[in-house]
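Novice: Here the protein sequences line up with chains X and C, keeping their order.
Residue numbering for the first sequence is 1 to 241, as defined by this note's numbering.
Residue numbering for the second sequence is 1 to 241, as defined by this note's numbering.
Okay, handing you the structure first.
2 protein chains.
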Amino acid sequence: MRTKKEAVSKSDRDAALSRKLSGAGTGRASQRAPKKSRISVLIADDHTVVREGLVSLIRRKPDMSVLGEATNGREAVELWKQHRPDVTLLDLRMPELDGVSAIKEIREHDEHARIIVLTTFDGDEDIYRAIQAGAKGYLLKDVPREALMDSIHRVHAGETCVPVHLAAKLAERVSGETLSSREIDVLKLMAQGKSNKEIGATLFISEGTVKSHVKAIFAKMNVISRTEAVANATRRGLIQL
Amino acid sequence: MRTKKEAVSKSDRDAALSRKLSGAGTGRASQRAPKKSRISVLIADDHTVVREGLVSLIRRKPDMSVLGEATNGREAVELWKQHRPDVTLLDLRMPELDGVSAIKEIREHDEHARIIVLTTFDGDEDIYRAIQAGAKGYLLKDVPREALMDSIHRVHAGETCVPVHLAAKLAERVSGETLSSREIDVLKLMAQGKSNKEIGATLFISEGTVKSHVKAIFAKMNVISRTEAVANATRRGLIQL
DNA sequence: CAGATAACACCTCTTTCGGGGGAGGAAACA
DNA sequence: TGTTTCCTCCCCCGAAAGAGGTGTTATCTG
Numbered sequence: 001m002r003t004k005k006e007a008v009s010k011s012d013r014d015a016a017l018s019r020k021l022s023g024a025g026t027g028r029a030s031q032r033a034p035k036k037s038r039i040s041v042l043i044a045d046d047h048t049v050v051r052e053g054l055v056s057l058i059r060r061k062p063d064m065s066v067l068g069e070a071t072n073g074r075e076a077v078e079l080w081k082q083h084r085p086d087v088t089l090l091d092l093r094m095p096e097l098d099g100v101s102a103i104k105e106i107r108e109h110d111e112h113a114r115i116i117v118l119t120t121f122d123g124d125e126d127i128y129r130a131i132q133a134g135a136k137g138y139l140l141k142d143v144p145r146e147a148l149m150d151s152i153h154r155v156h157a158g159e160t161c162v163p164v165h166l167a168a169k170l171a172e173r174v175s176g177e178t179l180s181s182r183e184i185d186v187l188k189l190m191a192q193g194k195s196n197k198e199i200g201a202t203l204f205i206s207e208g209t210v211k212s213h214v215k216a217i218f219a220k221m222n223v224i225s226r227t228e229a230v231a232n233a234t235r236r237g238l239i240q241l
Numbered sequence: 001m002r003t004k005k006e007a008v009s010k011s012d013r014d015a016a017l018s019r020k021l022s023g024a025g026t027g028r029a030s031q032r033a034p035k036k037s038r039i040s041v042l043i044a045d046d047h048t049v050v051r052e053g054l055v056s057l058i059r060r061k062p063d064m065s066v067l068g069e070a071t072n073g074r075e076a077v078e079l080w081k082q083h084r085p086d087v088t089l090l091d092l093r094m095p096e097l098d099g100v101s102a103i104k105e106i107r108e109h110d111e112h113a114r115i116i117v118l119t120t121f122d123g124d125e126d127i128y129r130a131i132q133a134g135a136k137g138y139l140l141k142d143v144p145r146e147a148l149m150d151s152i153h154r155v156h157a158g159e160t161c162v163p164v165h166l167a168a169k170l171a172e173r174v175s176g177e178t179l180s181s182r183e184i185d186v187l188k189l190m191a192q193g194k195s196n197k198e199i200g201a202t203l204f205i206s207e208g209t210v211k212s213h214v215k216a217i218f219a220k221m222n223v224i225s226r227t228e229a230v231a232n233a234t235r236r237g238l239i240q241l
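This is the structure we're talking about:
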């Protein structure tokens with residue numbers, strides 16, 4: 001009746017994450033830096049104006065070039081496979097295929113693919129999942145031009161690049177308690193306004209069991225009511241209402 | 001103890017809204033079209049890449065020019081007063097001063113200011129408030145280039161420009177029931193996970209009164225639980241959690 | 001392998017929610 | 001002037017929610 005959804009353990013995941021973050025800001029050189037004169041960049045964002053802005057910014061740089069533009073995650077993966085860009089700029093929430101899934105698919109083809117997530121969402125869970133999936137950088141769309149360009153250079157050079165305030169959120173997430181997959185199931189149904197009984201019926205467990213899960217969720221998220229839990233989870237990017 | 005927060009009545013507001021929307025898509029000519037050869041555009045968005053994209057798109061057009069860029073609502077109002085642009089492109093959620101407030105301030109100086117809201121939020125309440133404040137257009141950031149340019153031209157010519165799918169949402173909002181200001185107060189506190197008793201203590205009213213408001217909110221929003229109400233309200237842009 | 005940890009399931013008990021009403025006062029609209 | 005809407009408060013009552021504690025089973029950890 002029960003299925004193990006998370007194949008890797010928490011400690012395994014966090015150890016991997018530490019390894020990924022260890023290179024941040026240290027200036028550690030790439031193990032195999034591309035020899036091309038220009039850094040080729042793939043852009044993936046469903047917002048026309050954002051794509052336009054990135055193209056404009058990159059075209060202005062003599063040491064960079066735009067390799068292609070994707071309007072969703074599926075397209076991003078296809079274009080990546082075709083052109084193998086040096087660096088990929090990727091939004092998180094896109095139609096067809098979301099950013100995290102796109103990162104995972106790309107990294108199935110190349111473990112060392114250099115991907116920067118450029119998005120508006122700053123929830124700790126969003127950041128965590130992106131880095132966990134293999135993103136080398138995480139930037140918000142209000143990032144200044146220079147910082148964006150610097151990040152592209154750094155990621156291209158093999159570094160990991162996450163601004164301090166986002167890294168702090170990430171640290172919070174890592175140090176804080178993790179919701180189990182079952183608890184997330186319950187949380188999602190809670191967010192739909194379902195009662196404990198309805199949740200139980202959906203998940204084929206008793207109402208009492210649902211209550212114990214809800215209790216665990218409250219304790220881990222440090223909230224008192226289900227409404228607060230849903231609001232919190234939405235803000236953190238744990239669920240998208 | 002009680003203050004009247006909404007000075008204008010519902011019927012007044014909706015009548016005004018109907019007047020504003022009546023010109024949409026009819027091609028009605030402006031009453032006083034500017035005589036300059038180029039349409040001067042003011043850009044206001046806190047996202048660097050979006051501003052960059054808009055500048056890039058507009059610079060490409062021979063009949064348009066960028067008059068200035070603002071990174072928040074306060075700056076947008078200042079720049080508008082300085083340069084009096086033909087058309088203003090404005091994001092909704094910005095630091096310092098939000099988009100709706102900026103629109104209101106600008107229209108205090110010029111009743112006929114031509115403002116287009118360009119944002120990612122498509123909640124009916126967001127759209128309603130923007131149009132209500134006096135926006136002549138409402139576009140999402142995934143709008144194609146041509147549609148954006150067309151909208152700038154149309155708004156400059158004095159038309160109102162709201163895409164059909166957004167206009168439909170707006171119609172839903174207008175036809176649906178309106179929450180009173182007090183009900184919104186309660187809803188906001190509900191979203192923070194507060195109990196009826198706590199809400200009562202915060203608003204200096206009895207718990208019974210809170211329950212009455214909560215009941216009214218459920219009925220108007222057509223939901224059963226407070227969690228559902230908060231999720232719904234957030235999605236619609238009624239509250240920002 | 002023993003011991004700890006965590007997820008999952010289930011049980012009672014008290015408090016709070018939420019549905020069903022009703023009612024009076026203030027302000028705005030006709 | 002009457003009508004409508006909003007805000008305030010009240011009642012009852014069944015159904016949830018939320019706070020306790022128990023036990024079983026995997027999976028790390030030493």
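Glycine residues also receive a C-beta, built at the ideal position from the N, C-alpha and C atoms.
Mark Ser-206 of chain X as exposed unless 16 or more other C-beta atoms lie within 10 angstroms of its C-beta, in which case mark it buried.
Specialist: Taking the first sequence and counting its residues from 1, the one referred to as residue 206 of chain X is at position 206. It is exposed - the Cβ of Ser-206 of chain X has fewer than 16 other Cβ atoms within 10 Å.
Novice: Could you tell me which residues DSSP puts in a beta bridge with Glu-242 of chain C?
Specialist: Missing from the structure shown is residue 242 of chain C; chain C here goes from 1 to 241 and no further.
Novice: Once you ignore the five residues that flank Glu-172 of chain C on each side, which residues in its own chain have a CB closer than 6 Å to its CB?
Specialist: On the second sequence, position 172 is the one that residue 172 of chain C refers to. Answer for Glu-172 of chain C: Asp-124, listed in chain order.
Novice: Which same chain residues, not among the five before or five after Arg-236 of chain C, have their C-beta less than 6 Å away from its C-beta?
Specialist: By 1-based counting over the second sequence, the position of residue 236 of chain C is 236. Counting only Cβ-Cβ distances below 6 Å, and skipping sequence neighbours, we find Gly-123, Asp-124 and Glu-125.
Novice: Measure the C-alpha to C-alpha separation of His-213 of chain C and Ala-44 of chain X and round it to an integer number of angstroms.
Specialist: Within the second sequence, residue 213 of chain C is the residue found at index 213, counting from 1. Within the first sequence, residue 44 of chain X is the residue found at index 44, counting from 1. C-alpha separation (whole angstroms): 45 Å.
Novice: Using the C-alpha atoms, what's the distance from Gln-82 of chain C back to Arg-107 of chain X?
Specialist: Taking the first residue of the first sequence as position 1, residue 107 of chain X is located at position 107. Taking the first residue of the second sequence as position 1, residue 82 of chain C is located at position 82. Computed Cα separation, rounded: 50 Å.
Novice: If we count the other Cβ atoms within 10 Å of its Cβ and call it buried at 16 or more, is Arg-59 of chain X buried or exposed?
Specialist: As a position in the first sequence, residue 59 of chain X is number 59, starting the count at 1. With fewer than 16 Cβ atoms within 10 Å of its Cβ, Arg-59 of chain X is classed as exposed.
Novice: Using the three-state DSSP reduction, which class does Thr-48 of chain X fall into: helix, strand or coil?
Specialist: What you label residue 48 of chain X is simply residue 48 of the first sequence in a count that begins at 1. Helix at Thr-48 of chain X.
Novice: Taking contact to mean at least 3 C-beta pairs separated by less than 8 Å, is the region 128-147 of chain X in contact with the region 160-169 of chain X?
Specialist: Short answer: they touch.
Novice: Taking C-alpha atoms, which residue in C:Ile-152, C:Asp-46 and C:Gly-208 lies nearest to Asp-91 of chain C?
Specialist: Within the second sequence, the letter at position 91 stands for residue 91 of chain C. Of the candidates C:Ile-152, C:Asp-46 and C:Gly-208, the one whose C-alpha sits nearest the C-alpha of Asp-91 of chain C is C:Asp-46.
Novice: Please report the straight-line C-alpha distance between Ala-191 of chain X and Leu-241 of chain X, rounded to a whole angstrom.
Specialist: Indexing the first sequence from 1 puts residue 191 of chain X at position 191. Indexing the first sequence from 1 puts residue 241 of chain X at position 241. If I take the Cα positions, the gap works out to 7 Å.
Novice: How long is the line joining the alpha carbons of Asp-63 of chain X and Trp-80 of chain X, rounded to whole angstroms?
Specialist: Here residue 63 of chain X corresponds to residue number 63 of the first sequence, with the count starting at 1. Here residue 80 of chain X corresponds to residue number 80 of the first sequence, with the count starting at 1. Taking the straight line joining both Cα atoms gives about 20 Å.
Novice: Return the Cβ separation of Val-230 of chain X and Ala-231 of chain C in integer angstroms, given the expectation that the two are a contact with Cβ distance under 8 Å.
Specialist: In the first sequence, the residue the question calls residue 230 of chain X occupies position 230. In the second sequence, the residue the question calls residue 231 of chain C occupies position 231. Going by Cβ atoms, the distance from Val-230 of chain X to Ala-231 of chain C rounds to 6 Å, so yes, they are a contact pair.
Novice: Is it the case that the region 139-159 of chain C contacts the region 93-107 of chain C, given that we only count it when at least three CB pairs across the two stretches are under 8 Å?
Specialist: No, the region 93-107 of chain C is not in contact with the region 139-159 of chain C.
Novice: Report yes or no: is there a C-beta of chain C within less than 7 Å of the C-beta of Thr-227 of chain X?
Specialist: On the first sequence, position 227 is the one that residue 227 of chain X refers to. For Thr-227 of chain X, the answer is yes, since a Cβ of chain C falls inside 7 Å of its Cβ.
Novice: For the region 37-58 of chain X, which residues have a CB atom closer than 9 Å to at least one CB atom of chain C, in sequence order?
Specialist: Per Cβ criterion, the list reads Asp-45, Asp-46, His-47, Thr-48, Val-49, Val-50, Arg-51, Glu-52, Gly-53, Leu-54, Val-55, Ser-56 and Leu-57.
Novice: Specify the secondary structure class of Gly-137 of chain X as computed by DSSP and reduced to three states.
Specialist: Against the first sequence, residue 137 of chain X aligns to sequence position 137. DSSP places Gly-137 of chain X in strand when its eight states are reduced to three.
Novice: Using C-beta distances below 7 Å, list every residue in its chain close to Ile-39 of chain C, excluding the 5 sequence neighbours before and after it, in chain order.
Specialist: Position 39 of the second sequence, counted from the start, is the residue given in the question as residue 39 of chain C. Excluding sequence neighbours, Ile-39 of chain C sits near Asp-63, Met-64, Asp-86, Val-87, Ile-152 and His-156.
Novice: Determine, for Lys-141 of chain C, whether the minimum Cβ-Cβ distance to residues of chain X falls below 7 Å.
Specialist: For this step, residue 141 of chain C is matched to residue 141 along the second sequence. Closer than 7 Å to some Cβ of chain X, the Cβ of Lys-141 of chain C qualifies, so yes.
Novice: Using a cut-off of 9 Å between C-beta atoms, extract the partners of Pro-144 of chain C located in chain X.
Specialist: The sequence position of residue 144 of chain C within the second sequence is 144, counting from 1. In chain order: Thr-48.
Novice: With DSSP run on the structure shown, which of helix, strand or coil describes Ile-115 of chain X?
Specialist: The count along the first sequence starts at 1 and reaches residue 115 of chain X at position 115. The answer is strand: DSSP assigns Ile-115 of chain X an E or B state.
Novice: If I measure Cβ to Cβ from Ile-51 of chain C and keep anything under 8 Å in the same chain, skipping five residues before and after, which residues do I get?
Specialist: Locating residue 51 of chain C in the second sequence gives position 51, counting from the first residue. First, the residue type needs correcting, since residue 51 of chain C is Arg and not Ile in the sequence shown. Closer than 8 Å at the Cβ level, and outside the excluded window around Arg-51 of chain C, lie Ile-43, Asp-45, Glu-69 and Thr-71.
Novice: Anyone know if the C-beta pair for Ala-216 of chain C and Glu-177 of chain C falls short of 7 Å?
Specialist: The residue you call residue 216 of chain C lines up with position 216 of the second sequence. The residue you call residue 177 of chain C lines up with position 177 of the second sequence. The answer is no: Cβ separation not under 7 Å.
Novice: Would Leu-241 of chain X pass as an interface residue toward chain C - the criterion being a Cβ-Cβ separation below 7 Å?
Specialist: Taking the first residue of the first sequence as 1, we reach residue 241 of chain X at position 241. It does; some Cβ of chain C falls within 7 Å.
Novice: Please tell me whether Asn-222 of chain C has its Cβ less than 7 Å away from any Cβ of chain X.
Specialist: Numbered from 1 along the second sequence, position 222 holds the residue referred to as residue 222 of chain C. Not an interface residue.
Novice: Hey, is Val-230 of chain C's beta-carbon within less than 7 Å of any beta-carbon in chain X?
Specialist: Translated into the one-based positions of the second sequence, residue 230 of chain C becomes position 230. Yes, its Cβ sits closer than 7 Å to a Cβ of chain X.
Novice: Give me the Cα-Cα distance between Arg-226 of chain C and Ile-199 of chain X, rounded to the nearest whole angstrom.
Specialist: As a working mapping, residue 226 of chain C is identified with position 226 in the second sequence. As a working mapping, residue 199 of chain X is identified with position 199 in the first sequence. When rounded, the distance between both Cα atoms is 16 Å.
Novice: Would you mind stating whether Asp-98 of chain X and Gly-73 of chain X have Cβ atoms separated by less than 7 Å?
Specialist: Within the first sequence, numbered from 1, the residue matching residue 98 of chain X stands at position 98. Within the first sequence, numbered from 1, the residue matching residue 73 of chain X stands at position 73. Yes; because the gap between Cβ atoms is below 7 Å, this pair is in contact.
Novice: Residue range of the alpha helix (DSSP H) that Val-100 of chain C falls in?
Specialist: Counted from its first residue, the second sequence places residue 100 of chain C at position 100. Start and end: 99-109.
Novice: Between X:Ile-103, X:Ser-175, X:His-112 and X:Phe-121, which has its C-alpha nearest Ile-239 of chain X's C-alpha?
Specialist: Translated into the one-based positions of the first sequence, residue 239 of chain X becomes position 239. The residue with the shortest Cα to Cα distance from Ile-239 of chain X is X:Phe-121.
Novice: For the alpha helix (DSSP H) that contains Leu-166 of chain C, what are its first and last residues?
Specialist: Against the second sequence, residue 166 of chain C aligns to sequence position 166. First-last of the alpha helix (DSSP H) with Leu-166 of chain C: 164-175.
Novice: Indicate the three-state DSSP secondary structure (helix, strand or coil) for Met-94 of chain X in the structure shown.
Specialist: Residue numbering aside, residue 94 of chain X sits at position 94 when the first sequence is read from its first letter. Reduced to three states, the DSSP call for Met-94 of chain X is coil.
Novice: Could you give the residue range of the alpha helix (DSSP H) that holds Lys-194 of chain X?
Specialist: Start at 1 with the first residue of the first sequence, and residue 194 of chain X comes out as number 194. Taken as a continuous stretch (DSSP letters only), Lys-194 of chain X belongs to no alpha helix (DSSP H), as it is neither H nor E.
Novice: Find out if the Cβ-Cβ distance for the pair Leu-89 of chain C, Ile-127 of chain C is shorter than 7 Å.
Specialist: Indexing the second sequence from 1 puts residue 89 of chain C at position 89. Indexing the second sequence from 1 puts residue 127 of chain C at position 127. It is not a contact, given that the beta carbons lie outside the stated cut-off.
Novice: Can you confirm whether Ala-191 of chain X, when its beta carbon is compared against all beta carbons of chain C, has any partner nearer than 7 Å?
Specialist: In the first sequence, residue 191 of chain X corresponds to position 191, counting from 1. Chain C, which has a Cβ nearer than 7 Å to the Cβ of Ala-191 of chain X, makes this yes.
Novice: I'd like to know whether the C-beta atoms of Lys-220 of chain X and Leu-179 of chain X end up nearer to each other than 7 Å.
Specialist: Looking up residue 220 of chain X in the first sequence gives position 220. Looking up residue 179 of chain X in the first sequence gives position 179. In contact: Lys-220 of chain X and Leu-179 of chain X (Cβ atoms closer than 7 Å).
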